[in-house]
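Here is the structure we will look at, set down as structure tokens.
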Amino acid sequence: MPPARNKFAVGHFMRTKKQLKNSLAEEKAKLSLEIKNSQQQIRRLKIKATAITETKQDLQCKVPCNANTKSSTANSMRTRTPTTLEIDEMAPVTLKRRRTETFDMALMVHGGTKSNPKPAFDSLYDTLSKRCKTSALGNYVLKDSKVANYVMNNSNKKDVTTFENSNANILRSIATYYNAGFKANCPIPKILTYNKLRKQINAIDIGKVYSVEEQFSAYIQDENVKGCYRDLREYLPRLAKFYLGMQKTQKGALKWFAETEGTFLLLKY
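In this note's numbering, the protein residues as written are 70 to 338.
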């Protein structure tokens, strides 16, 4: 018999590789959890440190000392922990204290009182609008969902009201009632009611319309024919004007058949 060949143990190799992969994945998950816990702990310690710094600053300001020394110390302490709106960067107590100090100072500078805080509000907004870039001011508004929704809703209401009373909405309403010209489940401004739309349609000048029954009742005796028509002698100049207007916006839309441009021919059958 020929000697047996030494085969590579593929199955054993794959099982060992899978076990090693699972072991590394578990170790990675444990390390990720430890890193996350450490980051949260660091964030909490930063908040506590900020609160302690603020308390220390208040205590130092209460100690009798030279005014210049007190001012420089306070500025130095606050420079180390500047105000920020980023989440978990500052203690809520610190933000509340600084907010109160800012508002009280605005009341004092601009002549407001607790019962009449409007001067302080006006001054704070005026300062922001003059000192802050438009993009930065817009970002502040967008960060507060309540303020952003209020501004957008009021702006949209004005735009919707303007559009509802426009000629564009009249044309859109005509397309809606007679063509079903917009998609379902699509948020759109309110269309005109049918009664209002009929008034707008009746106000459109389409020339003089004649009644078939009144004009030809003497000629049609066998049956009662109802309907309306327009006299071509009155309608054709209006139609020619329409085509000439179209020619200005769409060059080459009309074929003049070797005639002088602007000359219309009427074929009678």
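Note that beta-carbon positions come from the ideal geometry of N, C-alpha and C, so glycine has one too.
These numbers were taken from a predicted model, which means no experiment stands behind them.
Spatial neighbours of Ser198 in its own chain (CB-CB distance under 8 Å, excluding positions within 5 residues in sequence) are listed in chain order as Leu206. The three-state reading of DSSP puts Ser280 in strand, counting E and B together.
Burial check for Glu123: the Cβ neighbour count within 10 Å reaches 16 or more, so the residue is buried. Going by C-alpha positions, Pro186 is about 14 Å away from Glu170.
Rounded to the nearest whole angstrom, the CA to CA distance from Ile111 to Ile104 is 10 Å.
By the 16-neighbour rule on beta-carbons within 10 angstroms, Leu102 is exposed. According to the DSSP secondary-structure assignment, Tyr298 is paired through a beta bridge with Tyr279. Straight-line spacing of the CA atoms in Glu155 and Lys115 works out to 13 Å. In this structure Thr163 is in contact with Thr119, their Cβ atoms being roughly 6 Å apart against a cut-off of 8 Å. Secondary structure note for Leu206: its alpha helix (DSSP H) is the uninterrupted segment 203-212. Within the same chain, Cβ atoms closer than 7 Å to the Cβ of Met315 are found at Ala322, the five residues on either side in sequence being excluded. A straight-line Cα-Cα distance of about 35 Å links Ile121 and Ser204. The region 259-268 makes contact with the region 230-238; the number of CB pairs closer than 8 Å reaches 3 or more. Between the beta-carbon of Tyr304 and that of Gly276 there is about 6 Å, and that keeps the pair under the 8 Å contact cut. For Leu335, no alpha helix (DSSP H) encloses it, and the DSSP letter there is neither H nor E.
Membership of Ile270 in the alpha helix (DSSP H) is indicated by the continuous run 263-271. A direct Cα-to-Cα measurement between Phe333 and Ala309 gives close to 8 Å. Leu193 and Gln108 have their C-alpha atoms some 36 Å from each other. No Cβ-Cβ contact shorter than 9 Å links Ala160 with Lys215. Assignment of Ile260 by DSSP, reduced to helix, strand and coil, places it in the coil class. As the crow flies, the alpha-carbon of Arg302 is around 53 Å from that of Asn222. In this structure, the straight-line span from the alpha carbon of Lys87 to that of His81 is close to 10 Å. Taking every protein chain shown into account, the CB of Ala189 has 16 or more other CB atoms within 10 angstroms, so this residue is buried. The beta carbon of Val278 sits closer than 7 Å to those of Cys297, Arg299, all from its chain and outside the five residues before and after it, given in chain order.
Cβ-Cβ distances below 6 Å link Ser242 to Ile260, Leu261, Leu266 in the same chain, with the five nearest sequence neighbours on each side left out; the list follows chain order. Note on geometry: alpha-carbon atoms of Leu335 and Lys317 lie some 22 Å from one another. If you compare the alpha carbons of Thr150, Lys183, Gly181 with that of Arg167, the shortest gap goes to Thr150.
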